[in-house]
Amino acid sequence: MKRIFSGIQPSGNLTLGNYLGAIKNWIPLQKEGEALFCIVDLHAITIPQDPIMLKSRTLEVAATYLACGIDPQKSLIFVQSHVSQHAELAWILSCLTPLGWLNRMTQFKDKAGKQREQAALGLYSYPVLQAADILVYQTTHVPVGEDQKQHLELARDIAGAFNRAYNCNFFILPEPQILGIAPRVMSLRDGTKKMSKSDPSDLSRINMMDSDEEINQKIRKAKTDPEPLPGNVGELATRPEAQNLVTIYAALAECSVEKVLQEFKGSLFSAFKPKLAELMISILGPIREETKKWLQDKVELETILRVGQQQATAKASSTLKDVHRLIGFLQ
Ligand code: TRP
């Protein structure tokens, strides 16, 4: 039986990158096993968050999950801080994680930058909490964007470290699943940088709540080159901005990049961009309206999160009980 876990931080507006790299690929997995989709607010506070914004963004992520097709009858949707076992297991696992493993994490190096001495301990131990999120449910499969691959490998290593330290075969080693045609959506202003909710330029990203007009405008202004679209993938690979827009088109249309090139080979961006914007609006427009509907029904939304909390807590506390026994904590 597959058990699936994934999560997104409520640390900014959700973007097209979160949709194509994560949420969209979660929908079909709900049929394959038991699925848990978390809003990881404990991870969000590894960088400063405004309390009022954090609250509204937490609800917005939940509403977006539902609007994209996560079905609360089949899957659990819940908030990480509502299930205290995540933080408890993170502490236990942190006692088994060598600093050398954390020192290799590229996301920490990127986020801490030159201010390494000022960076918070939580930002550094972030991947241990992520491992706890996954292991506390004995997760078998973790669908994530490509940037999370290294954290997933660490989660497997930490599971192995626990099993060795306590001479048991307790934790399941989770499998990362890098799914979809666009596991990495790039910035609209620089095709070599990831599309990010924290980029200072709003023109660099499509937010899930952008209006049709904003989508049109951002696609129109997206950086490109003056050449017409090539006919093959090899040539496309040398043009990062062109590659990004064609890949986004393919992911939205649910077809291969080759197929998009067959259709648009020789077209200029002045012809391709309106088609891309039209396709994007036809998909994101209804999701945006559905998200707004959920946000107007806070009572229903909070009920779903409570049910998620209760059922997730039951599973997580059963794992923690076994962990306590294995470690030798007095029962
Ligand atoms: N670190 C992930 C990200 O930034 C979010 C995350 C936290 C996560 N815990 C997780 C993803 C567990 C998958 C599984 O995208």
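Heads up: the sequence shown runs through residues 1 to 331, numbered per my numbering. Beta carbons: idealized from backbone N, C-alpha and C, even for Gly. Source: prediction; values computed, not measured.
message = Three or more C-beta pairs under 8 Å: does that hold for the region 150-163 against the region 180-200?
response = Because the criterion of three Cβ pairs below 8 Å is not met, the region 150-163 and the region 180-200 do not touch.
ask   = Where P10 and S94 are concerned, what is the direct C-alpha to C-alpha distance, given to the nearest angstrom?
value = It is roughly 24 Å from the alpha-carbon of P10 to the alpha-carbon of S94.
ask   = Rounded to the nearest angstrom, how far is the Cβ of M280 from that of I327, given a contact under 8 Å?
value = 50 Å between Cβ atoms; not a contact.
task = Would you please state the rounded distance, in angstroms, between the beta carbons of H141 and K2? I believe it to be under 8 Å.
result = Indeed they touch by this definition, with Cβ atoms about 6 Å apart.
key: Delimiting residues of the alpha helix (DSSP H) encompassing H373   = Residue 373 is absent from the model: the chain starts at 1 and stops at 331.
key: Test item: CB-CB of V233 and I178 under 8 Å   = Not closer than 8 Å, so no.
query = Can you tell me whether DSSP reads C38 as helix, strand or coil?
reply = Here C38 carries a strand assignment [DSSP, helix/strand/coil].
query = Starting from H141 and walking both ways along the beta strand (DSSP E), at which residues does that stretch end?
reply = H141 -> beta strand (DSSP E) spans H141 to V144.
request  = Note the first and the last residue of the continuous alpha helix (DSSP H) segment covering L76.
outcome  = Here L76 belongs to no alpha helix (DSSP H); instead the beta strand (DSSP E) covers L76 to V79.
Three-state secondary structure (DSSP) of M368 = The requested residue 368 is not part of the displayed model; the chain covers only 1 to 331.
ask   = Cβ of V40 within 7 Å of any heavy atom in the ligand TRP?
value = At least one heavy atom of the ligand TRP is nearer than 7 Å to the Cβ of V40, so yes.
ask   = Measuring CB to CB, does V136 end up less than 8 Å from L89?
value = It is a contact, given that the beta carbons lie within the stated cut-off.
key: Proximity test, Q49 beta-carbon vs the ligand TRP heavy atom, cut-off 7 Å   = Q49 Cβ: outside cutoff for every heavy atom of the ligand TRP.
key: Distance cut-off 7 Å: S6 Cβ against heavy atoms of the ligand TRP   = Judged by the Cβ position, S6 qualifies as a neighbour of the ligand TRP at the 7 Å threshold, a heavy atom of the ligand being closer than this.
query = Hey, would you say F191 sits closer than 8 Å to E241, going by beta carbons?
reply = The residue asked about is misnamed: residue 191 is Gly in this sequence, not Phe. One thing to note: G191 has its Cβ within 8 Å of the Cβ of E241.
request  = Give a single yes or no on whether I23 has its beta carbon closer than 7 Å to a heavy atom of the ligand TRP.
outcome  = Not under cutoff, so the answer is no.
query = Could you check where the beta strand (DSSP E) with L176 kicks off and where it finishes?
reply = Note on residue identity: the sequence assigns Pro, not Leu, to residue 176. For P176, the uninterrupted beta strand (DSSP E) segment begins and ends at E175 to I178.
query = Contact check, I215 vs K273 under 8 Å by CB: the rounded distance?
reply = Rounded, the Cβ-Cβ distance is 11 Å, inconsistent with contact.
message = The alpha helix (DSSP H) that contains F170, what's its start and end?
response = The continuous stretches of alpha helix (DSSP H) do not include F170, and DSSP gives it neither H nor E.
message = Tell me which residues share the same chain as G21 and place their Cβ nearer than 7 Å to its Cβ, disregarding the 5 neighbours each side in the sequence.
response = If the five residues before and after G21 are omitted, its C-beta is found closer than 7 Å to the C-beta atoms of G145, G180, A182, P183, R184 and V185, all from its own chain and listed in chain order.
ask   = Is F5 helix, strand or coil by DSSP?
value = Residue state, collapsed to three classes: strand.
query = Secondary structure at G33, three-state DSSP: helix, strand or coil?
reply = Correct three-state label for G33: strand.
Separation of E175 from A131, as counted between CA atoms = Whole-angstrom Cα-Cα distance: 12 Å.
request  = Have a look at T224 and F269 and give me their C-alpha separation to the nearest angstrom.
outcome  = Straight-line Cα distance between these residues: approximately 7 Å.
query = In the DSSP assignment, what are the bridge partners of M337?
reply = Since the first and last residues shown for the chain are 1 and 331, residue 337 lies out of range.
request  = Identify every residue that forms a DSSP beta bridge with T15.
outcome  = N207.
Where L121 falls, given that 16 or more other Cβ within 10 Å makes a residue buried = Exposed, by the Cβ-count rule.
key: Coil, strand or helix - M105 by DSSP   = Of the three classes helix, strand and coil, the one that applies to M105 here is coil, per DSSP.
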